[in-house]
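Enquirer: Before I ask anything, here is the structure I am working with.
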Amino acid sequence: MKIFYLEILVLALAFLIFVVDLVFKKQRANLIPWVVSVGLFFILGLSFIYKPQGSFFSGAAVSDSLALFFKKLFLMAGFISSLGVFSFAPERFSKRQMEYFFLLLVSLSGMMLVSGAKELIFLFVSFEIMSFPLYVLAGFLKKEAFSVEAALKFFLLGTVSSALILYGFSFVYGMTGSTYLDKINTAAGNLSGLFYLGISLILAGFCFKIAAVPFHMWVPDTYQGAPTPFVAFLSVAPKAAGFVVLLRLFWEGFLPAQNFWRPQMILLSALSMIVGNLLALPQKNIKRLLAYSGIAHIGYALLGLLVVTHYGISMLLFYLAIYLFANMGAFLIVELVYRTQKSDELEAYAGLAQRSPLVALCLLLFLLSLGGIPFLAGFWAKLYIFLAAAQQKLWGLVFLGAVLSVVALFYYLKIARVMYIQAPLTAERLVNNKAILISIILTVIPLLIFGLYPKPLVELVNQIARQFLP
Amino acid sequence: MNSNSILVFLVLLAPFWSTLVLTVVYPLRRSGKPAGIFSILCILGSLVFSLILLFSKNFDFSFNFSWLPSLSGPMAQVGFWYDKISGMMIIVVSLVALMVQIYSLGYLSSETKPSLGRYFLYQSLFAFSMLGLVLANNFLELFIFWELVGLCSYLLIGFWYHKPEAAKAAVKAFWVTRFGDIGLIIAIILLWNKTGTFDYQTIFSLVESGALEQSFLILISILIFLGAMGKSAQFPLHIWLPDAMEGPTPVSALIHAATMVAAGVYLVIRLFPFFQASPFTLNLIAYIGSFTALLGAVLASKQDDIKRVLAYSTVSQLGFMMAALGVGAWVASYFHLFTHAYFKALLFLAAGSVIHAVGSNSLSAMGKLAQKMKWTSMGFLFGALALSGVWPFSGFFSKDEILLGVITSGKIIPSIFLLLTTFLSGFYIFRVIFLAFFSTAKSQIHPHESPKVMLFPILILAALALSSGLIQQNFLNFLEETPTWHSFSALKVIVPAISLGLGILGIFLAWLFFQKQKKVPQVLALSLRPISKAIDNKFYLDNFYEFMYAQGMLLLSFLIGWIDRYLVDGMVNLAAWSTGRLGVLLRVFQTGKAQDYLIGIGLGVLILIIWIL
Numbered sequence: 001m002k003i004f005y006l007e008i009l010v011l012a013l014a015f016l017i018f019v020v021d022l023v024f025k026k027q028r029a030n031l032i033p034w035v036v037s038v039g040l041f042f043i044l045g046l047s048f049i050y051k052p053q054g055s056f057f058s059g060a061a062v063s064d065s066l067a068l069f070f071k072k073l074f075l076m077a078g079f080i081s082s083l084g085v086f087s088f089a090p091e092r093f094s095k096r097q098m099e100y101f102f103l104l105l106v107s108l109s110g111m112m113l114v115s116g117a118k119e120l121i122f123l124f125v126s127f128e129i130m131s132f133p134l135y136v137l138a139g140f141l142k143k144e145a146f147s148v149e150a151a152l153k154f155f156l157l158g159t160v161s162s163a164l165i166l167y168g169f170s171f172v173y174g175m176t177g178s179t180y181l182d183k184i185n186t187a188a189g190n191l192s193g194l195f196y197l198g199i200s201l202i203l204a205g206f207c208f209k210i211a212a213v214p215f216h217m218w219v220p221d222t223y224q225g226a227p228t229p230f231v232a233f234l235s236v237a238p239k240a241a242g243f244v245v246l247l248r249l250f251w252e253g254f255l256p257a258q259n260f261w262r263p264q265m266i267l268l269s270a271l272s273m274i275v276g277n278l279l280a281l282p283q284k285n286i287k288r289l290l291a292y293s294g295i296a297h298i299g300y301a302l303l304g305l306l307v308v309t310h311y312g313i314s315m316l317l318f319y320l321a322i323y324l325f326a327n328m329g330a331f332l333i334v335e336l337v338y339r340t341q342k343s344d345e346l347e348a349y350a351g352l353a354q355r356s357p358l359v360a361l362c363l364l365l366f367l368l369s370l371g372g373i374p375f376l377a378g379f380w381a382k383l384y385i386f387l388a389a390a391q392q393k394l395w396g397l398v399f400l401g402a403v404l405s406v407v408a409l410f411y412y413l414k415i416a417r418v419m420y421i422q423a424p425l426t427a428e429r430l431v432n433n434k435a436i437l438i439s440i441i442l443t444v445i446p447l448l449i450f451g452l453y454p455k456p457l458v459e460l461v462n463q464i465a466r467q468f469l470p
Numbered sequence: 001m002n003s004n005s006i007l008v009f010l011v012l013l014a015p016f017w018s019t020l021v022l023t024v025v026y027p028l029r030r031s032g033k034p035a036g037i038f039s040i041l042c043i044l045g046s047l048v049f050s051l052i053l054l055f056s057k058n059f060d061f062s063f064n065f066s067w068l069p070s071l072s073g074p075m076a077q078v079g080f081w082y083d084k085i086s087g088m089m090i091i092v093v094s095l096v097a098l099m100v101q102i103y104s105l106g107y108l109s110s111e112t113k114p115s116l117g118r119y120f121l122y123q124s125l126f127a128f129s130m131l132g133l134v135l136a137n138n139f140l141e142l143f144i145f146w147e148l149v150g151l152c153s154y155l156l157i158g159f160w161y162h163k164p165e166a167a168k169a170a171v172k173a174f175w176v177t178r179f180g181d182i183g184l185i186i187a188i189i190l191l192w193n194k195t196g197t198f199d200y201q202t203i204f205s206l207v208e209s210g211a212l213e214q215s216f217l218i219l220i221s222i223l224i225f226l227g228a229m230g231k232s233a234q235f236p237l238h239i240w241l242p243d244a245m246e247g248p249t250p251v252s253a254l255i256h257a258a259t260m261v262a263a264g265v266y267l268v269i270r271l272f273p274f275f276q277a278s279p280f281t282l283n284l285i286a287y288i289g290s291f292t293a294l295l296g297a298v299l300a301s302k303q304d305d306i307k308r309v310l311a312y313s314t315v316s317q318l319g320f321m322m323a324a325l326g327v328g329a330w331v332a333s334y335f336h337l338f339t340h341a342y343f344k345a346l347l348f349l350a351a352g353s354v355i356h357a358v359g360s361n362s363l364s365a366m367g368k369l370a371q372k373m374k375w376t377s378m379g380f381l382f383g384a385l386a387l388s389g390v391w392p393f394s395g396f397f398s399k400d401e402i403l404l405g406v407i408t409s410g411k412i413i414p415s416i417f418l419l420l421t422t423f424l425s426g427f428y429i430f431r432v433i434f435l436a437f438f439s440t441a442k443s444q445i446h447p448h449e450s451p452k453v454m455l456f457p458i459l460i461l462a463a464l465a466l467s468s469g470l471i472q473q474n475f476l477n478f479l480e481e482t483p484t485w486h487s488f489s490a491l492k493v494i495v496p497a498i499s500l501g502l503g504i505l506g507i508f509l510a511w512l513f514f515q516k517q518k519k520v521p522q523v524l525a526l527s528l529r530p531i532s533k534a535i536d537n538k539f540y541l542d543n544f545y546e547f548m549y550a551q552g553m554l555l556l557s558f559l560i561g562w563i564d565r566y567l568v569d570g571m572v573n574l575a576a577w578s579t580g581r582l583g584v585l586l587r588v589f590q591t592g593k594a595q596d597y598l599i600g601i602g603l604g605v606l607i608l609i610i611w612i613l
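Quick look at the structure:
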């Protein structure tokens with residue numbers, strides 16, 4: 001059981017706030033975010049100290065360095081987004097804070113479980129433990145029509161994709177006679193037909209979860225309707241979970257069939273880059289813009305997945321880690337601006353540099369990192385993933401990605417222009433929310449440090465990749 | 001990593017820490033004086049660490065950290081090379097920076113608190129970048145720090161950015177030095193392209209083994225020297241330095257006299273094994289250096305602005321150092337760099353003290369200051385004696401080393417230029433002394449001695465100007481280099497005697513003309529008039545550049561502008577417009593209806609499944 005100690009602690013925290021909510025009726029609005037943040041911080045700290053290795057359920061779940069890496073990412077995302085909920089507008093939120101955090105923590109535990117899953121049923125169950133709370137959380141602002149609509153779309157399409165996945169699993173099981181990835185791997189070499197159908201369905205299902213084109217359409221609507229601190233979480237953590245599942249399935253299970261699924265992924269990657277970047281261009285709402293830019297980033301990350309080398313994996317991990325910080329940071333600032341101006345439209349950012357120079361600078365850094373400007377961490381993420389692809393002679397994709405990076409800069413810098421050049425509509429300063437500011441600073445620092453000196457993180461992910469595929 | 005490498009780190013870290021804190025902790029920066037004290041303590045730390053390093057007598061070690069990892073090993077490294085050359089230089093830099101920063105507390109006391117804090121932020125950044133430049137062990141790192149000191153120079157020249165002349169001078173300095181930097185970066189790229197490394201020592205060993213052909217070496221060394229010319233204000237790129245005097249005087253003392261402008265000389269010294277391999281370039285350096293020395297001295301003789309006299313004098317002295325490098329006498333050049341840093345900083349600080357008291361840069365507004373400002377006058381006098389090479393002041397020793405080196409090399413024209421410069425140095429600096437400190441007093445000014453915080457650095461530097469030459473033998477022994485010219489024993493006596501004589505002749509003439517106010521004979525005055533007029537116009541160089549810039553560059557930029565506006569922009573706009581249209585078209589699919597999204601998923605699945613068939 002000890003390999004699950006992190007998940008158990010997260011669940012224990014979920015039940016703890018249950019109790020806190022019942023006992024401290026008066027102070028609960030202030031207390032619960034504190035308990036969750038401190039608790040997650042503590043668990044995150046533990047994950048760096050105690051790293052049990054091993055397997056459980058006769059190999060259905062493992063705890064290897066890859067799983068631990070993703071668990072740390074999820075905990076960081078959870079911690080940062082819980083800071084973003086502090087003193088959330090009471091009329092929208094405060095009485096049901098316990099529900100919010102409970103769901104968030106359960107989802108978190110599901111993600112952490114899935115990062116070690118090596119058996120189809122265990123994998124599916126933990127993935128659904130992660131997904132269900134997300135559907136509820138997307139519609140958390142239940143009095144706002146937009147939010148309900150967003151949640152409903154997310155839920156409907158999500159269940160369809162889950163059905164696709166299960167359907168695919170059933171074919172794979174039928175053809176190989178096992179639900180364990182290792183055994184699937186040994187049997188996969190001389191299969192075709194229905195096995196490939198199964199793989200295709202699974203790929204389609206998980207591409208919905210990571211929001212690759214053409215399975216991306218829920219993303220902008222859901223992001224726009226859901227509470228922003230939650231979107232900060234939704235836009236990175238479940239995506240990372242989707243990638244760890246894809247890594248496990250396609251690298252540990254279906255690797256012998258790589259000549260089949262690689263072209264599929266190339267197509268999905270190219271489509272995601274093209275559609276994400278192009279559709280981000282005309283957006284006026286910053287949440288939708290970031291949603292489309294996120295889709296484009298998924299395309300870049302898929303590049304790392306489909307390059308069947310160590311470098312591909314390690315650069316994918318690097319990319320996901322950097323993307324997590326930059327994207328969460330950007331959404332947290334969106335939240336901060338929303339609290340002041342009750343708007344997510346681009347005009348709300350006019351003259352932000354004059355009103356709150358520090359926040360504007362941070363947002364600029366996030367955008368530049370997402371756009372891949374040196375010397376911010378996002379630059380290395382993009383460069384490394386292109387290098388990994390170039391090594392495999394995927395020149396077309398590299399060229400496409402590079403050209404579209406320029407397009408991406410256009411819309412990122414559009415926001416920067418609004419912030420720095422346009423005159424402010426109001427002279428009002430942003431709400432001074434210390435918790436959000438701290439979480440913003442926490443996300444900026446890694447971007448700057450790894451931007452100047454990416455070596456430690458690169459070495460870490462290289463090591464993980466080597467252990468993952470000896 | 002041993003304890004010495006950690007010390008090297010600490011030398012750099014102290015001013016970096018100060019920069020970081022002053023940037024981030026803005027209440028401290030905006031508090032003015034405390035920010036200054038913080039910055040001073042940090043640079044004091046650098047000085048202490050560099051002294052400990054020197055006395056621990058562990059020289060010549062280098063260490064690297066890989067930076068910018070790529071798929072096949074690191075693309076570049078960050079590293080430091082501590083040896084006797086960089087070890088001496090970091091002491092000079094941190095010592096002068098410390099003195100200047102202390103002095104600035106007094107000199108800039110009338111600034112507002114935020115702008116004083118900003119000043120010390122720039123000072124810290126400069127100290128960090130300059131120390132980094134000195135300690136760098138590869139070309140890429142060198143270039144980064146090289147540009148950083150350029151940036152600091154720009155920021156500090158334009159410190160009073162509300163003054164149009166200061167803003168203009170800052171841009172000019174940036175522009176001219178950048179011109180040289182283009183050469184440097186091209187050289188670095190070519191070298192990397194050829195050798196695949198940025199590392200100094202690897203490149204030195206390649207040069208030594210003869211792996212690089214002569215023509216390539218000549219090309220690269222000339223390009224590198226171009227960078228050094230820009231930074232060290234060598235003819236014809238010297239025009240920015242006099243204008244840079246628009247910055248606060250302590251800045252001129254630190255950046256435009258003692259350290260940054262010496263970076264070009266230091267670069268050539270640092271890369272001397274490289275330059276040695278191409279005699280052609282060395283020859284070029286000798287001629288450019290000696291000509292610059294003479295040019296600077298001539299121009300210095302007729303300036304009215306006390307800081308401009310010193311600026312041209314700096315140009316001239318840097319030319320001196322370059323000339324020495326050109327004949328291979330790098331130890332002599334380095335020694336002169338070492339002594340010049342002290343006495344020129346001293347001259348600037350004393351001049352600053354005078355300006356602080358008089359409220360004007362103009363020599364015609366000064367007079368008889370020696371009575372009112374004893375300590376300042378003494379400091380300036382010490383600096384002037386060192387500059388004109390009077391025994392036992394430091395300039396005497398270092399200048400003679402250079403003259404010996406150049407004369408024994410047998411290059412006649414540089415020797416003559418440098419001897420003339422020696423004569424003129426005594427003349428122009430004592431012209432300042434007599435006009436400002438001794439001749440008739442001007443009634444409208446009421447000078448007063450400067451506060452202690454300004455006098456203290458002046459006195460320390462005065463002591464150094466007096467004593468730093470006396471360690472000549474130790475300095476040469478320390479660098480383990482017995483110059484070849486030391487074997488000519490006869491010259492060893494004659495050359496110092498001649499140079500001392502020339503220096504004293506210059507002083508005497510200055511005394512005659514400016515103290516006794518003797519008129520120049522009519523005939524001589526008439527024949528000198530064209531030269532005098534040319535000097536007033538800085539030999540028309542600025543006009544020439546302005547013409548080139550105004551006519552040539554503007555025409556070129558008009559052409560390029562046209563191409564850019566109509567051809568390039570047209571294509572870019574077309575691409576942007578069509579991309580934008582594509583985005584709008586794609587939006588049609590985003591209907592907002594869940595049913596349509598489901599159709600999307602279905603299509604996606606179909607596409608993936610079609611693969612099987």
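Read top to bottom, the protein sequences are chains A and B. First residue of the first sequence: 1, per the working numbering; consecutive thereafter. First residue of the second sequence: 1, per the working numbering; consecutive thereafter. Each residue gets a CB set at the ideal place from its N, CA and C atoms; glycine is no exception.
1. Against A204(A), what residues of chain B qualify as contacts under a CB-to-CB distance less than 8 Å, listed in chain order?
2. In terms of residues, what are the limits of the alpha helix (DSSP H) holding G410(B)?
3. Note the first and the last residue of the continuous beta strand (DSSP E) segment covering G210(B).
4. On the DSSP bridge assignment, give the partners of W218(A) in chain order.
5. Which chain A residues sit within Cβ distance under 7 Å of R587(B)?
6. Report yes or no: do three or more beta-carbon pairs, one from the segment 187-201 of chain A and one from the segment 55-75 of chain A, lie closer than 8 Å?
7. What does V309(B) reach in chain A if we use C-beta pairs closer than 9 Å?
8. Going along the chain, which residues of its own chain have a beta-carbon closer than 6 Å to the beta-carbon of L368(A), five neighbours each way excluded?
9. Taking the continuous alpha helix (DSSP H) assigned at A173(B), which residues delimit it?
10. Indicate whether at least one CB of chain A lies closer than 9 Å to the CB of T314(B).
11. What do you get for A211(B), buried or exposed, if any count of 16 or more other CB atoms within 10 angstroms of its CB means buried?
12. Could you tell me which residues DSSP puts in a beta bridge with G79(B)?
13. So, is the C-beta of Y196(A) closer than 9 Å to a C-beta in chain B?
14. Beta carbon of S46(B), beta carbon of V11(B): below 9 Å?
15. Less than 9 Å between the C-beta atoms of L6(A) and A321(A), yes or no?
16. Roughly how many angstroms separate the alpha carbons of A270(A) and V85(A), rounded to a whole number?
17. Taking C-alpha atoms, which residue in Y453(A), S37(A), M328(A), I441(A) lies nearest to F379(A)?
18. Applying the criterion that 16 or more other CB atoms from any shown protein chain within 10 Å of the CB defines a buried residue, is R29(B) buried or exposed?
19. Do S94(B) and L121(B) have their beta-carbon atoms positioned less than 9 Å apart in this structure?
20. Taking Cβ-Cβ distances shorter than 8 Å, what residues in chain A pair up with W611(B)?
21. Can you find a C-beta in chain A that's less than 9 Å from the C-beta of T23(B)?
22. With DSSP collapsed to three states, give me the class of F204(B).
23. Looking at the structure shown, is N543(B) part of a helix, part of a strand, or coil, going by DSSP?
24. Using a cut-off of 8 Å between C-beta atoms, extract the partners of P220(A) located in chain B.
Expert: This is what the structure holds:
1. Under a criterion of Cβ atoms nearer than 8 Å, the residues of chain B adjacent to A204(A) are, in order, I601, G604, V605, L608.
2. Run containing G410(B): none; DSSP gives neither H nor E here.
3. First-last for G210(B): undefined, no H or E at that position.
4. Residue pairing by DSSP places W218(A) opposite no residue, since no beta bridge is assigned to it.
5. When 7 Å is used as the limit between beta carbons, R587(B) is near these residues of chain A: L279, P282, in chain order.
6. A contact between stretches requires three or more CB pairs, one per stretch, nearer than 8 Å, and the segment 187-201 of chain A fails this requirement with the segment 55-75 of chain A.
7. Within chain A, no residue comes near V309(B); the closest Cβ sits about 43 Å away, beyond 9 Å.
8. Residues L376 of the same chain have their beta carbon placed closer than 6 Å to that of L368(A), with the five preceding and five following residues left out of the count.
9. Where A173(B) is concerned, the enclosing alpha helix (DSSP H) stretches over 164-195.
10. T314(B) does not count as touching chain A.
11. Label assigned to A211(B): exposed.
12. G79(B) pairs with N64(B).
13. Between Y196(A) and chain B, the shortest Cβ-Cβ separation is below 9 Å.
14. It is a contact, given that the beta carbons lie within the stated cut-off.
15. No, these two residues do not count as a Cβ contact at 9 Å.
16. One C-alpha to the other measures close to 35 Å.
17. Closest option to F379(A), judged by alpha-carbon separation, among Y453(A), S37(A), M328(A), I441(A): Y453(A).
18. So R29(B) ends up on the buried side.
19. One thing to note: L121(B) has its Cβ no nearer than 9 Å to the Cβ of S94(B).
20. By Cβ distance, chain A contributes Y196, S200, F260, P263, Q264.
21. At a cut-off of 9 Å between beta-carbon atoms, T23(B) makes no contact with chain A.
22. Three-state DSSP puts F204(B) in a helix.
23. N543(B) falls in the helix class under three-state DSSP.
24. Result: Q590.
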